[in-house]
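A.B. asks:
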Amino acid sequence: MAAEPEPATVEEAQGVSREEAELVRAAQRGDTAAFERLIRAYDRGVLRLALNLLRSVEDAQEVYQETFLRAYRSLSSFRADSNIQTWLYRIASNVCLDYLRKRKARRESPVSGEDGEGVPVPLLQVPERRPEADPERVLANRRLAERLEQALAGLTPRERMVFELRHYHGLRLRTIGAMMGASEEAAKTCLYRATQKLRSALRDLL
Amino acid sequence: MNCEGTRDLLPLYLYGELTFEQEEALHRHLEQCPACSSEFEKARALHEALDQRRLEPAPETLAACRRELHRRLAAERRPFAWRFTFARPAAWALRLASATALAALGFVVGRWTAPTVDPGLPGVPAAALATAIRFIEQDPDGQVRIGIEERRQRVLRGRLADPAIQQWLLAAARDAADPALRLDSVELLRARAEEQSVRRALLEAVEQDPNPGVRLKALEALKPFASDPAVRVALARVLRSDENPGVRIQAIDLLVQQRRRDELVGLLQEVIHREENNYIRLRCRQALEELNASVGTF
Ligand SMILES: [Zn+2]
Numbered sequence: 503m504a505a506e507p508e509p510a511t512v513e514e515a516q517g518v519s520r521e522e523a524e525l526v527r528a529a530q531r532g533d534t535a536a537f538e539r540l541i542r543a544y545d546r547g548v549l550r551l552a553l554n555l556l557r558s559v560e561d562a563q564e565v566y567q568e569t570f571l572r573a574y575r576s577l578s579s580f581r582a583d584s585n586i587q588t589w590l591y592r593i594a595s596n597v598c599l600d601y602l603r604k605r606k607a608r609r610e611s612p613v614s615g616e617d618g619e620g621v622p623v624p625l626l627q628v629p630e631r632r633p634e635a636d637p638e639r640v641l642a643n644r645r646l647a648e649r650l651e652q653a654l655a656g657l658t659p660r661e662r663m664v665f666e667l668r669h670y671h672g673l674r675l676r677t678i679g680a681m682m683g684a685s686e687e688a689a690k691t692c693l694y695r696a697t698q699k700l701r702s703a704l705r706d707l708l
Numbered sequence: 008m009n010c011e012g013t014r015d016l017l018p019l020y021l022y023g024e025l026t027f028e029q030e031e032a033l034h035r036h037l038e039q040c041p042a043c044s045s046e047f048e049k050a051r052a053l054h055e056a057l058d059q060r061r062l063e064p065a066p067e068t069l070a071a072c073r074r075e076l077h078r079r080l081a082a083e084r085r086p087f088a089w090r091f092t093f094a095r096p097a098a099w100a101l102r103l104a105s106a107t108a109l110a111a112l113g114f115v116v117g118r119w120t121a122p123t124v125d126p127g128l129p130g131v132p133a134a135a136l137a138t139a140i141r142f143i144e145q146d147p148d149g150q151v152r153i154g155i156e157e158r159r160q161r162v163l164r165g166r167l168a169d170p171a172i173q174q175w176l177l178a179a180a181r182d183a184a185d186p187a188l189r190l191d192s193v194e195l196l197r198a199r200a201e202e203q204s205v206r207r208a209l210l211e212a213v214e215q216d217p218n219p220g221v222r223l224k225a226l227e228a229l230k231p232f233a234s235d236p237a238v239r240v241a242l243a244r245v246l247r248s249d250e251n252p253g254v255r256i257q258a259i260d261l262l263v264q265q266r267r268r269d270e271l272v273g274l275l276q277e278v279i280h281r282e283e284n285n286y287i288r289l290r291c292r293q294a295l296e297e298l299n300a301s302v303g304t305f
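Residue numbers (my numbering), protein chains in the order written: chain A, 503 to 708; chain B, 8 to 305.
(1) Considering only the beta carbon of each residue, do B/Pro252 and A/Gly672 sit closer than 7 Å?
(2) Provide the residue span of the alpha helix (DSSP H) that contains A/Phe665, from first to last.
(3) Note down, in chain order, each residue of its chain lying with its Cβ closer than 7 Å to the Cβ of A/Ala696, except the 5 sequence neighbours on either side.
(4) Is B/Thr13 near ligand 1, judged by its Cβ being under 6 Å from some heavy atom?
(5) Could you tell me if the beta carbon of B/Ala42 falls within a distance shorter than 6 Å of some heavy atom in ligand 1?
(6) Reducing DSSP to helix, strand and coil, say where B/Glu24 ends up.
(7) Excluding the 5 residues flanking A/Ser702 on each side, which residues of the same chain have their C-beta closer than 7 Å to its C-beta?
(8) Can you tell me whether B/Leu167 is helix, strand or coil according to DSSP?
(9) What do you reckon, is the C-beta of B/Cys10 under 6 Å from a heavy atom of ligand 1?
(10) Starting from the Cα of B/Asn9, find the closest Cα among B/Gly23, B/Glu38, B/Glu67, B/Thr26 and give me that residue.
(11) To which residues of the same chain is A/Met681 closer than 7 Å at the C-beta, ignoring the five residues directly before and after it?
(12) Let me see if you follow: with CB-CB separation under 7 Å, is A/Gln563 close to chain B or not?
(13) Tell me, to the nearest whole angstrom, how far the beta carbon of B/Leu261 is from that of B/Leu242; I am working on the premise that it is less than 8 Å.
(14) Strictly under 7 Å for the Cβ-Cβ distance: is B/Leu262 near chain A by that measure?
(15) Residues of chain A with a CB under 7 Å from the CB of B/His77: which are they?
(16) Check whether the Cβ atoms of B/Cys291 and B/Val272 sit closer than 7 Å, and answer yes or no.
(17) Under DSSP, the alpha helix (DSSP H) around B/Ala269 begins and ends at which residues?
(18) In angstroms with no decimal places, state the Cα-to-Cα distance between B/Ile256 and B/Leu19.
(19) Exposed or buried, what is B/Asp216 when buried is set at 16 or more other beta-carbons lying within 10 Å of its beta-carbon?
(20) With which residues is B/Leu195 paired in a DSSP beta bridge?
(21) Give the DSSP-derived three-state secondary structure of A/Val526 in the structure shown.
(22) Let me confirm a value: B/Gln173 is counted as buried when at least 16 other C-beta atoms fall within 10 Å, else exposed. Which label applies?
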């Protein structure tokens with residue numbers, strides 16, 4: 503691994519491409535078709551973020567609408583030299599945080615992942631261990647999954663968000679910090695706290 | 008580095024957020040401390056369990072979201088569109104009400120038969136308010152001409168083996184603007200992947216599709232052909248440069264299935280040093296060990 507800090511993604515390094523800049527200008531003039539084209543590359547990511555955070559397809563769909571309508575309405579405040587993905591994720595994060603806080607206030611437990619119509623993607627397909635082959639493993643996995651949801655529900659909305667962005671979206675802590683109006687160090691501390699909480703909540707299972 | 012310091016670094020290590028020096032010190036400590044190694048295994052088990060609970064939005068959900076947003080955006084700009092296209096809506100509506108006026112309006116193409124009437128503006132088809140109106144002119148004799156872009160749906164039916172159906176699927180896999188459509192065509196083409204033209208399209212999708220879900224689907228379709236040289240070249244490129252760790256993981260899993268020493272050692276040694284995903288680094292290390300090769304020097 504190089505000692506020099508590398509940009510996490512191509513987009514982070516490039517800022518806005520020329521084509522995107524043109525779409526932004528057209529969208530700022532009220533061209534909704536240009537706006538829809540502009541967000542095409544990022545809207546699945548926003549939906550995924552909301553789905554994984556809120557574990558409910560309906561809530562995720564609402565977050566999607568709210569995020570992009572807010573984005574459309576505040577396009578005039580988008581600066582040409584900023585990054586469109588970071589900007590959209592920042593709006594999405596705020597909308598999601600509102601949802602998480604509202605939910606916490608209602609003391610409502612999050613919907614379990616199995617209820618959603620979202621498809622769980624087995625990211626780690628290690629062929630040697632196929633869990634479905636062994637019924638005991640299936641049970642153990644289900645138990646672990648339930649406990650994970652409980653443990654995650656125990657995080658603060660902010661910890662949840664940093665964890666989500668780092669673990670499932672591969673964003674670097676530097677970017678996450680910038681997105682949430684905090685330093686890289688603050689994001690790092692937040693992620694660290696989140697993983698420690700998860701570890702201690704699941705200590706007996708691991 | 009002591010045990011306490013090591014354990015503090017484990018979670019950040021799993022996220023690739025340590026400096027080069029920190030990572031080296033951690034490796035050195037783990038090699039000679041069984042207690043911390045076992046802690047590391049537990050941290051990694053948690054990390055992987057968290058990976059497993061990841062949800063991927065269904066393509067239909069995304070498509071539904073886009074349709075709904077399209078509708079809401081059209082509503083956002085409606086006041087503007089209205090003022091712009093029809094200067095006097097009331098008068099226009101009145102003229103519409105009379106049959107003779109309707110006949111006088113020379114609609115180039117209409118969608119009047121479409122039953123979709125937007126409740127917000129009675130009498131005017133929703134489609135006309137979106138983006139379908141292309142021009143409005145008045146002829147010297149007073150007739151108004153409104154150009155509306157027509158979109159007609161046609162349904163093609165045939166078996167997967169039907170060359171015409173296959174041509175459409177190949178075109179959709181390459182060019183459809185909606186990733187959900189590309190995903191659907193890749194899914195169907197999977198059954199015909201033994202054909203060269205189909206495999207070429209799948210390889211293109213693997214390397215070029217902007218959507219990671221489509222790339223993953225195409226990789227899956229190529230699974231039975233992991234020994235095909237063209238597929239292996241593409242897999243190596245994906246492992247080197249795909250921005251999505253899930254796609255890279257799929258690529259490395261397929262690549263190391265075949266233990267081709269001459270082909271793999273250099274690639275894995277290269278990847279292990281710049282890969283930020285811990286699972287992939289681990290898989291590289293494992294595969295190199297199985298091939299009796301060193302991790303290499305950097
Ligand atoms: Zn130790």
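Glycine included, C-beta positions come from ideal geometry on N, C-alpha and C.
C.D. replies: Quick look at the numbers:
(1) yes
(2) 659–669
(3) Leu657, Glu661, Val664, Phe665
(4) yes
(5) yes
(6) coil
(7) none
(8) coil
(9) yes
(10) B/Glu38
(11) Thr588, Tyr591, Arg592, Ser595
(12) yes
(13) 6 Å
(14) no
(15) Glu538
(16) no
(17) For the sequence presented, residue 269 of chain B should be read as Asp rather than Ala. Residues 268–281.
(18) 20 Å
(19) buried
(20) According to DSSP, which records beta bridges pairwise, B/Leu195 is partnered with nothing at all.
(21) helix
(22) buried
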